[in-house]
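Residue numbers (the working numbering), protein chains in the order written: chain A, 1 to 214; chain X, 1001 to 1214. All C-beta atoms in this analysis are idealised placements derived from N, C-alpha and C, irrespective of residue type, glycine included. On a predicted model such as this, the values are computed, not experimentally measured, just so you know. Input: a single structure, listed below in structure tokens.
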DNA sequence: ACCTGAACACCGTTCAAGT
DNA sequence: ACCTGAACACCGTTCAAGT
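Here's what the structure looks like:
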């Protein structure tokens, strides 16, 4: 921990420390200063490893995506539809695991090695199902969008649950009364996070229906 | 502008000023202090109108959604598929219009009046096509997720374009070389923002194919 | 080469005080 | 009732200096 010419931590250590904070205190609490403190470093030492906070955030996204099993998704032993489901569910779960991970994913480009690897796997998979390359690319785009969108709705729902307090005073006029949205109200449980059958799996299946019929 | 017992601005003025800043300087620049300064107010005056910065951000999301023409989406004069396309395209455009609007949408719950109204319109539309209520709710969920996901990919792409500089030094190992992702490379133009035919419209059509066949 | 310490220009939010 | 001014506890980032 004393000053010296040898690296006392690694990039991975920093990313891990950042995830620890993300998990425990949310996205807003992920600060260069906080991460440094967690590692017993000075804030400025972090800039020896990452050129900016943004670079650190992107490394976190890559770390998140690196845990996806792309090899399994490419293994033709199981039907393609099943493999897409597994991959999509894993990605969704990875984002849902950490409070505020969605903001993370949204706040930077998705051009890291693992992000591109995911796309590559999806395109290849759809082509193996007989799709021309152009349609396979569009299909991969649709699947990525779908999963990301579900993750966004997940995140929104979780923020909602975490805040059922105090905020009804000044902002009251902006929020809804249930009576004016009867359909949403009546079906809320069907699309909630733990609903069975999962609205996510159902929607993804309909998307795959449409894609694979094309 | 002088101190006094009368409101010098409205909630809408504050939201508008915040959008001005969002558009010109991005999400990170939207600060209570900055918005207040733009209106000739002191930061603390903002807390007379909104209980927190988060409440202001949510009001911005509602403002964004309020411009959607839900009446047109409910008008059975045009085919349902066309109306969904129009609604989805409008929502996507609304988010793409302002730099950083996606982070905005992702950073809070989507439970405002207009957010719920959008959902209500979608469920009703699918039911009018003959879907049972439960499936219509899941279909609405899928469409919302899809559009949100596309907006997220849009946003990621735009951040990417805005930053093709300097960042290749330390973080270099994390980014990709094109050669290892040939399919992504070869098809990038097909799913890019202004591609024709639009990957967004194509994917939404496949999703609707699957949904309406169910 | 790696790290510290001090500094710059910011944040969101609270609170007593003015009109 | 609405707003200001000062203050608290933070930010990301830069830069000269130490070992």
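Interface residues of chain X around residue 150 (chain A) at Cβ under 7 Å? Against the first chain, residue 150 (chain A) aligns to sequence position 150. Correct list: 1145.
Considering Cα atoms alone, identify which of X:1125, X:1122 and X:1108 is closest to residue 1055 (chain X). On the second chain, position 55 is the one that residue 1055 (chain X) refers to. Closest by alpha carbon: X:1108.
Let's see if you can read the secondary structure: which residues bound the alpha helix (DSSP H) around residue 15 (chain A)? Taking the first residue of the first chain as 1, we reach residue 15 (chain A) at position 15. Looking at the DSSP string, the run of the alpha helix (DSSP H) that includes residue 15 (chain A) is 11-25.
Is the beta carbon of residue 183 (chain A) sitting closer than 9 Å to the one on residue 1072 (chain X)? By 1-based counting over the first chain, the position of residue 183 (chain A) is 183. By 1-based counting over the second chain, the position of residue 1072 (chain X) is 72. Not in contact: residue 183 (chain A) and residue 1072 (chain X) (Cβ atoms no closer than 9 Å).
Cutoff 6 Å; reference residue 208 (chain A); Cβ partners in own chain excluding five residues on either side: Here residue 208 (chain A) refers to the residue found at position 208 when the first chain is read from its first residue. Taken in chain order, the residues that qualify are 81.
Beta carbon of residue 1090 (chain X), beta carbon of residue 1200 (chain X): below 9 Å? The count along the second chain starts at 1 and reaches residue 1090 (chain X) at position 90. The count along the second chain starts at 1 and reaches residue 1200 (chain X) at position 200. Their beta carbons are not under 9 Å apart, which means residue 1090 (chain X) does not touch residue 1200 (chain X) by this criterion.
Would you mind reading off the limits of the alpha helix (DSSP H) that contains residue 1126 (chain X)? One-based indexing of the second chain puts residue 1126 (chain X) at position 126. Note, residue 1126 (chain X): alpha helix (DSSP H), 1113-1128.
Is residue 1123 (chain X) close to chain A? Criterion is C-beta to C-beta, closer than 9 Å. Against the second chain, residue 1123 (chain X) aligns to sequence position 123. Taking 9 Å as the threshold, the shortest C-beta distance from residue 1123 (chain X) to chain A falls below it.
Which bits of chain X does residue 155 (chain A) rub up against, with CB to CB less than 8 Å? By one-based count along the first chain, residue 155 (chain A) stands at place 155. Near residue 155 (chain A) (Cβ distances below 8 Å), the residues of chain X are 1106.
Quick check: is the beta carbon of residue 1116 (chain X) nearer than 9 Å to any beta carbon in chain A? The residue given as residue 1116 (chain X) occupies position 116 in the second chain. Yes - at least one Cβ of chain A is within 9 Å of the one on residue 1116 (chain X).
With 9 Å set as the bound, which would you pick, yes or no: does the beta-carbon of residue 166 (chain A) sit closer than that to a beta-carbon of chain X? Reading the first chain from its first residue, position 166 is the one you call residue 166 (chain A). In this prediction, residue 166 (chain A) scores a pLDDT of 37, lower than 50, which makes its location untrustworthy; the coordinate-derived value is nonetheless stated afterwards. Yes, contact with chain X.
Straight-line Cα distance separating residue 1100 (chain X) from residue 1053 (chain X): In the second chain, residue 1053 (chain X) corresponds to position 53, counting from 1. In the second chain, residue 1100 (chain X) corresponds to position 100, counting from 1. Going by the C-alpha atoms only, they are around 16 Å apart.
To the nearest angstrom, how far is the alpha carbon of residue 66 (chain A) from that of residue 115 (chain A)? For the purposes of this step, residue 66 (chain A) is taken as the residue at position 66 of the first chain. For the purposes of this step, residue 115 (chain A) is taken as the residue at position 115 of the first chain. Each residue's alpha carbon lies about 8 Å from the other.
For my contact list, residue 39 (chain A) and residue 14 (chain A) are in at a C-beta cut-off of 8 Å; report their separation, rounded to the angstrom. The residue given as residue 39 (chain A) occupies position 39 in the first chain. The residue given as residue 14 (chain A) occupies position 14 in the first chain. Their Cβ separation, rounded to whole angstroms, is 7 Å, which keeps residue 39 (chain A) and residue 14 (chain A) in contact under 8 Å.
Could you check the C-alpha separation between residue 1035 (chain X) and residue 1007 (chain X) for me, to the nearest Å? In the second chain, residue 1035 (chain X) corresponds to position 35, counting from 1. In the second chain, residue 1007 (chain X) corresponds to position 7, counting from 1. Roughly 16 Å between the two C-alpha positions.
Within its chain, find whatever has a CB closer than 7 Å to the CB of residue 214 (chain A); leave out the 5 residues flanking it on each side and keep chain order. Taking the first chain and counting its residues from 1, the one referred to as residue 214 (chain A) is at position 214. By the criterion of a C-beta distance shorter than 7 Å, residue 214 (chain A) is surrounded in its chain by 135, once the five residues flanking it on both sides are discounted.
So, is residue 1092 (chain X) buried or exposed, given that buried needs 16 or more other C-beta atoms within 10 angstroms? Residue numbering aside, residue 1092 (chain X) sits at position 92 when the second chain is read from its first letter. Residue 1092 (chain X) is buried by the Cβ-count criterion.
Are the CB atoms of residue 1122 (chain X) and residue 1140 (chain X) within a distance shorter than 9 Å? Taking the second chain and counting its residues from 1, one reaches residue 1140 (chain X) at position 140. Taking the second chain and counting its residues from 1, one reaches residue 1122 (chain X) at position 122. Yes, the pair counts as a contact, with Cβ atoms nearer than the cut-off.
From which residue to which residue does the alpha helix (DSSP H) around residue 1064 (chain X) run? Residue numbering aside, residue 1064 (chain X) sits at position 64 when the second chain is read from its first letter. 1053-1066 is the extent of the alpha helix (DSSP H) around residue 1064 (chain X).
Of the residues that make up the region 80-111 of chain A, which ones have a beta carbon closer than 9 Å to any beta carbon in chain X? Listed in chain order, the positions of the region 80-111 of chain A with a beta carbon within less than 9 Å of a beta carbon of chain X are 100, 102, 103, 105, 106, 107, 108, 109, 110 and 111.
Using C-beta distances below 6 Å, list every residue in its chain close to residue 1192 (chain X), excluding the 5 sequence neighbours before and after it, in chain order. Here residue 1192 (chain X) refers to the residue found at position 192 when the second chain is read from its first residue. Taken in chain order, the list of residues that qualify is empty.
Counting only beta-carbon atoms, is residue 289 (chain A) nearer than 9 Å to chain X? Past the boundaries of the shown model lies residue 289 (chain A); chain A is included only from 1 to 214, so the question cannot be answered.
So what's residue 131 (chain A) in DSSP terms, helix, strand or just coil? Position 131 of the first chain, counted from the start, is the residue given in the question as residue 131 (chain A). The answer is coil: DSSP assigns residue 131 (chain A) none of H, G, I, E or B.
Residue range of the unbroken alpha helix (DSSP H) whose run includes residue 196 (chain A): Looking up residue 196 (chain A) in the first chain gives position 196. Counting along the chain, no alpha helix (DSSP H) covers residue 196 (chain A), and no H or E run does either.
Quick check on DSSP: helix, strand or coil for residue 164 (chain A)? Taking the first chain and counting its residues from 1, the one referred to as residue 164 (chain A) is at position 164. In this prediction, residue 164 (chain A) has a pLDDT of 42, which is less than 50 and means its spatial position is unreliable; nothing more can be read from the coordinates.
Name the two residues that bound the continuous alpha helix (DSSP H) containing residue 106 (chain A). Locating residue 106 (chain A) in the first chain gives position 106, counting from the first residue. Its alpha helix (DSSP H) spans residues 101-106.
Looking at chain A, which residues of the region 1129-1142 of chain X have a Cβ within less than 7 Å of any of its Cβ atoms? For chain A, the residues of the region 1129-1142 of chain X that bring a beta carbon within less than 7 Å of one of its beta carbons are 1133, 1134, 1137, 1138, 1141 and 1142, in chain order.
For chain A, check one thing: does any of its Cβ atoms lie closer than 9 Å to the Cβ of residue 1184 (chain X)? Within the second chain, numbered from 1, the residue matching residue 1184 (chain X) stands at position 184. It does: the Cβ of residue 1184 (chain X) has a partner Cβ on chain A nearer than 9 Å.
Please tell me whether residue 1209 (chain X) has its Cβ less than 9 Å away from any Cβ of chain A. Against the second chain, residue 1209 (chain X) aligns to sequence position 209. Contact of residue 1209 (chain X) with chain A is assigned, a C-beta pair being separated by under 9 Å.
In its own chain, which residues sit with a C-beta less than 7 Å from the C-beta of residue 70 (chain A), not counting the 5 before and 5 after it? For the purposes of this step, residue 70 (chain A) is taken as the residue at position 70 of the first chain. Same-chain partners within the cutoff: 117, 118 and 121.
Tell me whether residue 1063 (chain X) is buried or exposed, calling it buried when 16 or more other Cβ atoms sit within 10 Å of its Cβ. Residue numbering aside, residue 1063 (chain X) sits at position 63 when the second chain is read from its first letter. Residue 1063 (chain X) counts as buried, since no fewer than 16 other beta carbons sit within 10 angstroms of its beta carbon.
Between A:138, A:128, A:113 and A:158, which lies nearest to residue 1180 (chain X) when the distance is taken from Cα to Cα? As a working mapping, residue 1180 (chain X) is identified with position 180 in the second chain. Closest option to residue 1180 (chain X), Cα to Cα, is A:113.
Check for me: the alpha helix (DSSP H) holding residue 110 (chain A) runs from which residue to which? Taking the first residue of the first chain as 1, we reach residue 110 (chain A) at position 110. Counting along the chain, residue 110 (chain A) sits inside no alpha helix (DSSP H), nor does DSSP assign it H or E at all.
So with CB distances below 7 Å, who are the chain A contacts of residue 1007 (chain X)? Position 7 of the second chain holds residue 1007 (chain X). Within chain A, no residue comes near residue 1007 (chain X); the closest Cβ sits about 13 Å away, beyond 7 Å.
Go ahead and pull the three-state DSSP assignment for residue 210 (chain A). The sequence position of residue 210 (chain A) within the first chain is 210, counting from 1. Annotated three-state conformation of residue 210 (chain A) is helix, per DSSP.
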